[in-house]
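*Asks:*
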Amino acid sequence: MFAKDGIIASAICLMGKKTMAAVEIYSWSRCPFCARAKALLDRKEIDYQEYVIDGDEEAREKMAKRANGRRSLPQIFIDDRHIGGCDDLYDLDDRGELDPLLN
Ligand SMILES: N[C@@H](CCC(=O)N[C@@H](CS)C(=O)NCC(=O)O)C(=O)O
Numbered sequence: 030m031f032a033k034d035g036i037i038a039s040a041i042c043l044m045g046k047k048t049m050a051a052v053e054i055y056s057w058s059r060c061p062f063c064a065r066a067k068a069l070l071d072r073k074e075i076d077y078q079e080y081v082i083d084g085d086e087e088a089r090e091k092m093a094k095r096a097n098g099r100r101s102l103p104q105i106f107i108d109d110r111h112i113g114g115c116d117d118l119y120d121l122d123d124r125g126e127l128d129p130l131l132n
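Counting in this note's numbering, the sequence shown tops out at residue 132, every number present.
Given below as structure tokens:
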């Protein structure tokens with residue numbers, strides 16, 4: 030592949046992506062608040078890194094350290110900034126403050 034092909038491929042890839050922000054979500058697989066938070070991100074076609082931490086106390090401990098002690102699931106981060114849980118994500122969106130963090 031020529032270098033220009035790589036550049037074009039990268040541009041197409043970026044065009045398909047709705048966000049440049051790094052979105053991370055810690056979740057449990059059977060957790061209604063996690064599903065609700067992911068549904069909002071999916072509706073906005075936002076890519077995110079999901080850490081499913083079912084039964085993994087060590088991972089939950091690490092999450093809590095990043096999340097100012099919060100241990101409920103989900104916990105969401107955008108560009109390493111702690112957003113909070115599902116309700117916090119929706120509140121941020123209602124205030125019109127989520128999209129600017131994602132773009
Ligand atoms: N208000 C929180 C509620 C989250 C919540 O209660 N999550 C449940 C799982 S669906 C949980 O973590 N329960 C265990 C705990 O609170 O220790 C949010 O919006 O994220």
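All residues carry an ideal CB built from backbone N, CA and C; glycine is no exception.
Give the residues whose C-beta lies closer than 5 Å to at least one heavy atom of ligand 1, in chain order.
*Replies:* C60, F62, S101, L102, G114, C115, D116
*Asks:* May I ask you to list the residues that DSSP assigns as paired with R110?
*Replies:* I107
*Asks:* To the nearest angstrom, report how far apart E9 and Y55 are at their CA atoms.
*Replies:* With the chain covering 30 to 132 only, the question about residue 9 has no answer from this structure.
*Asks:* Which class does Y29 belong to by DSSP, given the choice of helix, strand or coil?
*Replies:* This structure leaves residue 29 out entirely; the chain is present only between 30 and 132.
*Asks:* Taking C-alpha atoms, which residue in I105, L70, R65, G98 lies nearest to D128?
*Replies:* It is L70 whose Cα lies nearest to the Cα of D128.
*Asks:* Out of A51, V52, A66, state which residue places its alpha-carbon closest to the alpha-carbon of S58.
*Replies:* A66
*Asks:* Please report the straight-line C-alpha distance between D76 and G84, rounded to a whole angstrom.
*Replies:* 25 Å
*Asks:* How big is the Cα-Cα spacing for R110 and D122?
*Replies:* 16 Å
*Asks:* My assumption, with CB atoms under 8 Å, is that L130 sits in contact with I105. Please give the rounded CB distance.
*Replies:* No, L130 and I105 are not in contact; Cβ-Cβ is about 11 Å, not under 8 Å.
*Asks:* Hey, how far is the Cα of A93 from the Cα of A51?
*Replies:* 19 Å
*Asks:* From the DSSP output, in three-state form, read off Q87 for me.
*Replies:* Checking the sequence, you will find Glu at residue 87 rather than Gln. The answer is helix: DSSP assigns E87 an H, G or I state.
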